[in-house]
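K.L.:
Each residue of the first sequence is one higher than the one before, starting from 13 at the first, in my numbering. Structure incoming, see below.
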Amino acid sequence: MEHPPRPIARQNGEPMADPLVLLADRFAAAFHAVAGAPCDPVVRPSERADAQVNGALSLAKTLGMPPRDVATKALESLGDLSDMVESTEVAGPGFINVTFSASFLAKELVAAMQQTHLGVREASDPHTFVIDYSAPNVAKEMHVGHLRSTVIGDALVRALSYVGNHVVRENHIGDWGTPFGMLIEHLIDLGEENAAHELGVGDLDGFYKQARQKFEESDSFKDRARQRVVMLQGGDADTMRLWKTLVLESTRYFNKVYSQLGVLLTDDDLMGESAYNDLLTTVVDRLSQAGVLEISDGAEVVFADGFTNRDNEPLPLIIRKGDGGYNYATTDLACVIDRVERLGARSLLYVVGAPQAQHLQMVEAVARKAGWLPEGFIMNHVSFGSVLGADRKMLKSRSGETVKLAALLDEAVERADAAIAEKNPSMSAHDRESAARMIGIGAVKYSDLSTDRVKDYIFDWERMLSFDGNTAPYLQYAHARICSIFRRAGVHREDVRSVVPSLDDPREKALAMRLLRFDAAVWEMIDTLSPHKLCTYVFDLATDFTAFYEHCSVLKAETDELRLSRLALCDATARVVEQALNLLGIDAPEQM
RNA sequence: GCUCACGUAGCUCAGCGGAUAGAGCACUUGCCUCCGGAGCAAGGGGUCGCAGGUUCAAUUCCUGCCGUGAGCGCCA
C-alpha cells in the first residue's frame, strides 16, 4: 500500500451535470487544435468569474508563444459557445475567465434535478468493492476508537453504492485468539445465564477486565484458560457452544450501538477472524507453493522487499509462529484470498487507523509477491487519525478510561435535545425526541467526517453541536427551513420540479452553479476516499443558499412566476442537502 | 536509531501546480417591524514550521532540517 493512498480508478466517464466538466470538454478540443496534441485545459472554479481556464499558461512554453496569445487563439478556435457561455475574457498573464449564461445553467439544473441521482454520474466501470470497517472485539466495549472506522466506512459504502458499484461490507470482528480461553473460563465461573445477561446489557468491559484480572492473579485459572484455548482450536463441541454465546451476546450489543449510530452494518456483514480458520493452512500452503515462505527463528515467514526492523535488518511478516499458531497476518492474507476469489472484489478498502499502515503494506506486499492480486487490483488503506480531547491527547473520560461509544452517543442526543428545547420551545417533546436523535448523532458523525481523515481531530461538544459554522446542525437547519417554506407556501415540492428557474440575481445564479457541482463533489469524495470533500461542498451549498434566501424573497417575490422559480431553487437545494447528508449517513429532519 | 503521517489567522479547520491564501468561531463596526435572527453586510488578524530545489507559476511537487504523534519479528 502506498502513501498517500493512490486514488481508486477514476470512474467518472461521460459528463453530465457539472458545467465545468462540459466547459472542459469544449476547451480540450480548442487547446488540442492550438497545440496540435491533446492537453488538459485546466478548468477551475474562479473567484472572478464562473470558471477560469488556465491551460494557456502551461502551453505557452512548449509552443514558444506568449500565454495571452495562446489564450486568444484557443478562444478563436473554440467556435460558438453561446449555447452555454455569456462571455469570455483573457485576463492577467493568460487566464481565460468564463461566465456562463443564466439560461444554460437553468436548463442544466432542471435536467439534473429530474434525474434520480440529481445529476451525479454513474460509475462508468462499476465493480465489486469490499470495505473492511468497524471491527470491534468480542467481549470488549466499543469505544471512540471504533467511531471513525465505523462512520467513515459507512459513508464510503453509501457513496460507492450510490454511483452503482457493488459494495460488500465486512465487519472483521475480533472473535478468535488466545484471550478466548480466559473469557470462556470466566463465562463458566459466572454461570452462562448470568454472564450472558451481563454481556447483553453491554457491560462488556467489566466482563473482560474480570477475566483478565483472574488470568493475571491465578495460576490455576491461567492453566484452565490455556487448556480452553486448545479445546477451542480443536473444535470441542461444548467449548464452541460457550464461545458462540460470547460472540452472540457481543454482536447483539454491537447491533444496538450500530442502530443508535444509524449505520448500515447488520449481522450479514459479520466476517470475524474465526470465519477464516479453515483458510489458514491454505495460506501457508499457497505461500509455500509460490516459493516465498521461509523459516526464520523457528517461525514460517515471508520477507517482502523494503521492510526493515529497528536494527535495519529485513522485517518478516510472520505467517506461522514458532509454536505453530497463526496470527493476524495470516488471517489478513486469508481475507485477501477470500475477498478476491470468493467475493470477486476488484478493490479492497481497509478503513483502519494510521498505526496499522505498515502492517497493511506488508500484507499487500506479500499478497502481491504470492501473485494473489491480479493486475489492476486495488488494495487501499483508508487511513485515519485519532480522536483527541481538548488537551490534544487521545480522548479519555474524566476518570482516564477509554470513552464508551454508547455513552458518547447518548450524551450527544441529550445535548441536542437540550439545545432544541432552548431554541424551539414550542416543539412537542415527542417531535423533539426524534429530532434530537438526528441532530445529536448527526453532529458526532459530521464532526468526524468533515475534516481530512488522515489528520487527528479534536472532539469538542460545543463546536459540533453549534448551529453556526461547518456543522451538521447548521446543514440540517438549512434543510428544515426550506421544508418550512413549502409548508407556508402551501405548495408541494414535486410541483415545482419542472419549473425552469430564472437566475437573474447573482445569488440565484451562484446557487444554481453550486447545485450543479454536486456531481463533482460526490466524485471527489469517491476518487480520494475522503468524505470531508462532500462535507465542504454541502457547507458551501448551505452558505450559498443562506445568501440567496437573505436577498431573494421567496414567498414575497414580486411575481407568481418568480415565486415559483425561487421555490424550485429551494426544492433543489433541499434535495441536494438531504441527499448529500444521506451519503454521509446523516438524517435531515423536516422540523427541528 | 530507522520508517510513516502531520505542522496554514488567537482557536478549530478548508485549500484541486495558477491571479490579492479562504471559512467558521472569537473580536470590532454597522444593518434589519425579518419567509424560522439558529440572520445580513463590512473590518482587523497570516514571513502557509525553517532552508534549499524543480517550474513561466509552489501553501500545493522533490530534498534536508526542526517540532509533534505513531509504528518498528512471533498481541490483534
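Backbone N, C-alpha and C fix where the C-beta goes; we use that ideal spot for every residue, glycine too. Remember, it's a predicted structure, so these values are computed and weren't measured experimentally.
What ranges does the beta strand (DSSP E) occupy inside the region 337-415, keeping only unbroken runs of at least 3 residues that lie completely in it?
P.N.:
359-365, 390-396
K.L.:
Any contact between the region 525-542 and the region 470-477? By contact I mean 3 or more CB pairs, one from each, below 8 angstroms.
P.N.:
no
K.L.:
Can you tell me whether Thr128 is buried or exposed? The criterion is at least 16 other CB atoms within 10 Å of its CB, across all chains shown.
P.N.:
What you label residue 128 is simply residue 116 of the first sequence in a count that begins at 1. Thr128 comes out exposed.
K.L.:
Whole angstroms are fine: how far does the CA of Pro50 sit from the CA of Ser398?
P.N.:
Stepping through the first sequence from its first residue, residue 398 is reached at position 386. Stepping through the first sequence from its first residue, residue 50 is reached at position 38. Each residue's alpha carbon lies about 43 angstroms from the other.
K.L.:
Would you call Leu596 buried or exposed, if buried means 16 or more other Cβ atoms sit within 10 Å of its Cβ?
P.N.:
Counted from its first residue, the first sequence places residue 596 at position 584. Under this definition Leu596 is a buried residue.
K.L.:
How is Tyr458 classed by DSSP in three states: helix, strand or coil?
P.N.:
Within the first sequence, the letter at position 446 stands for residue 458. If DSSP states are grouped into helix, strand and coil, Tyr458 belongs with the helices.
K.L.:
Thr548 to Thr343, Cα distance in whole Å?
P.N.:
For the purposes of this step, residue 548 is taken as residue 536 along the first sequence, with counting starting at 1. For the purposes of this step, residue 343 is taken as residue 331 along the first sequence, with counting starting at 1. Rounded to whole angstroms, Thr548 and Thr343 show a C-alpha spacing of 37 angstroms.
K.L.:
Going by DSSP, which residues form a beta bridge with Phe192?
P.N.:
Within the first sequence, the letter at position 180 stands for residue 192. In the DSSP output, where bridge partners are listed per residue, Phe192 has none listed.
K.L.:
I'd like the ranges of any beta strand (DSSP E) spanning at least 3 consecutive residues and lying wholly in the region 126-176.
P.N.:
Within the region 126-176, the complete beta strand (DSSP E) runs of at least 3 residues are 140-144.
K.L.:
What residue does the beta strand (DSSP E) around Asn109 start on, and which one ends it?
P.N.:
The count along the first sequence starts at 1 and reaches residue 109 at position 97. Asn109 -> beta strand (DSSP E) spans 107-112.
K.L.:
Here's a check: name, in chain order, each residue in its chain whose Cβ is nearer than 7 angstroms to the Cβ of Arg238, leaving out the five neighbours to either side.
P.N.:
Counting from 1 along the first sequence, the entry for residue 238 is found at position 226. Gly193.
K.L.:
I'd like to know whether the C-beta atoms of Ala382 and Val508 end up nearer to each other than 8 angstroms.
P.N.:
In the first sequence, the residue the question calls residue 382 occupies position 370. In the first sequence, the residue the question calls residue 508 occupies position 496. Taking 8 angstroms as the Cβ cut-off, Ala382 and Val508 do not qualify as a contacting pair.
K.L.:
Once you ignore the five residues that flank Leu69 on each side, which residues in its own chain have a CB closer than 7 angstroms to its CB?
P.N.:
On the first sequence, position 57 is the one that residue 69 refers to. So the qualifying residues of the chain are Pro79, Pro105, Gly106.
K.L.:
Answer with buried or exposed for Gly91, where buried requires no fewer than 16 other C-beta atoms within 10 angstroms of its C-beta.
P.N.:
Translated into the one-based positions of the first sequence, residue 91 becomes position 79. Result: exposed.
K.L.:
May I ask you to report which of helix, strand or coil DSSP gives Phe319?
P.N.:
Position 307 of the first sequence, counted from the start, is the residue given in the question as residue 319. Three-state result, Phe319: strand.
K.L.:
As an exercise, report each continuous alpha helix (DSSP H) stretch of at least 4 residues that is fully enclosed by the region 212-239, in chain order.
P.N.:
Fully enclosed alpha helix (DSSP H) runs of 4 or longer: 216-229.
K.L.:
What are the boundary residues of the beta strand (DSSP E) that Ala103 is part of?
P.N.:
For the purposes of this step, residue 103 is taken as the residue at position 91 of the first sequence. Following the DSSP letters along the chain, one finds Ala103 inside the beta strand (DSSP E) bounded by residues 97-103.
K.L.:
Just confirm the distance between the C-beta atoms of Phe560 and Glu520, as a whole number of angstroms; I'd bet it's less than 8 angstroms.
P.N.:
The residue given as residue 560 occupies position 548 in the first sequence. The residue given as residue 520 occupies position 508 in the first sequence. Indeed they touch by this definition, with Cβ atoms about 6 angstroms apart.
K.L.:
Assign Glu59 to one of three DSSP states: helix, strand, or coil.
P.N.:
Taking the first sequence and counting its residues from 1, the one referred to as residue 59 is at position 47. Under the three-state reduction of DSSP, Glu59 is assigned to coil, being neither helix nor strand.
K.L.:
For His178, which residues in the same chain have their Cβ closer than 6 angstroms to its Cβ, ignoring the five residues on either side in sequence?
P.N.:
Here the question's residue 178 lines up with position 166 in the first sequence. Correct list, in chain order: Thr140.
K.L.:
State the DSSP-derived secondary structure class of Arg332, mapped to helix, strand or coil.
P.N.:
Position 320 of the first sequence, counted from the start, is the residue given in the question as residue 332. It is a strand residue.
K.L.:
Look at the alpha carbon of Pro328 and the alpha carbon of Gln301, and state the distance between them as a whole number of angstroms.
P.N.:
The count along the first sequence starts at 1 and reaches residue 328 at position 316. The count along the first sequence starts at 1 and reaches residue 301 at position 289. If you take the alpha carbons of Pro328 and Gln301, they lie about 18 angstroms apart.
K.L.:
Quick one: what does DSSP say Leu595 is sitting in, helix, strand or coil?
P.N.:
Mapped onto the first sequence, residue 595 falls at position 583. If DSSP states are grouped into helix, strand and coil, Leu595 belongs with the helices.
K.L.:
Just reading off the beta strand (DSSP E) that Leu308 is part of, what are its end residues?
P.N.:
In the first sequence, counting from the first residue as 1, residue 308 sits at position 296. The displayed chain sequence assigns Ser, not Leu, to residue 308. Segment 305-308, the beta strand (DSSP E) holding Ser308.
K.L.:
Out of Ala124, Arg493, Leu93, point me to the one whose CA is closest to Leu527's CA.
P.N.:
Locating residue 527 in the first sequence gives position 515, where the first residue counts as 1. The residue with the shortest Cα to Cα distance from Leu527 is Ala124.
K.L.:
Near Ala533, which residues of its chain fall below 7 angstroms by C-beta distance, leaving aside the five closest residues on each side in sequence?
P.N.:
Counting from one through the first sequence, the residue named residue 533 turns up at place 521. The answer, listed in chain order, is Lys545, Leu546, Tyr549.
K.L.:
May I ask you to report which of helix, strand or coil DSSP gives Leu541?
P.N.:
By one-based count along the first sequence, residue 541 stands at place 529. Residue state, collapsed to three classes: coil.
K.L.:
Starting from the Cα of Pro501, find the closest Cα among Ala151, Val363, Val122, Leu579 and give me that residue.
P.N.:
On the first sequence, residue 501 is found 489 positions in, with the first residue counted as 1. The sequence given here places Ala at residue 501; Pro does not occur at that position. Of the listed residues, the one whose Cα sits closest to Ala501 is Leu579.
K.L.:
Which of the three DSSP states, helix, strand or coil, is assigned to Ile185?
P.N.:
One-based indexing of the first sequence puts residue 185 at position 173. DSSP places Ile185 in coil when its eight states are reduced to three.
K.L.:
Report the partner residues of Gln603 according to the DSSP bridge assignment.
P.N.:
As a working mapping, residue 603 is identified with position 591 in the first sequence. None; Gln603 has no bridge partner.
K.L.:
If we call anything under 8 angstroms between Cβ atoms a contact, is Phe319 one with Met374?
P.N.:
Indexing the first sequence from 1 puts residue 319 at position 307. Indexing the first sequence from 1 puts residue 374 at position 362. Yes, the Cβ-Cβ distance between Phe319 and Met374 is below 8 angstroms.
K.L.:
If you reduce the DSSP assignment to three classes, tell me which class His178 lands in.
P.N.:
Translated into positions along the first sequence, residue 178 becomes position 166. Note: His178 maps to strand in three-state DSSP.
K.L.:
Please return the same chain residues whose Cβ sits closer than 7 angstroms to the Cβ of Ser230, not counting the five positions on each side in sequence.
P.N.:
Against the first sequence, residue 230 aligns to sequence position 218. The answer is none, since no qualifying residue turns up.
K.L.:
Between the Cα of Lys325 and those of Val394, Phe315, Asp556, Val295, spot the shortest distance and give me the residue it belongs to.
P.N.:
By one-based count along the first sequence, residue 325 stands at place 313. In the sequence as displayed, the identity of residue 325 is Glu instead of Lys. Nearest of Val394, Phe315, Asp556, Val295 to Glu325, Cα basis: Phe315.
K.L.:
Please classify Val313 as buried or exposed, where buried requires at least 16 neighbouring CB atoms within 10 angstroms.
P.N.:
Residue numbering aside, residue 313 sits at position 301 when the first sequence is read from its first letter. Label assigned to Val313: buried.
K.L.:
Is the distance from the Cβ of Leu258 to the Cβ of Ile330 below 8 angstroms?
P.N.:
One-based indexing of the first sequence puts residue 258 at position 246. One-based indexing of the first sequence puts residue 330 at position 318. Cβ distance not < 8 angstroms, so Leu258 and Ile330 don't count as in contact.
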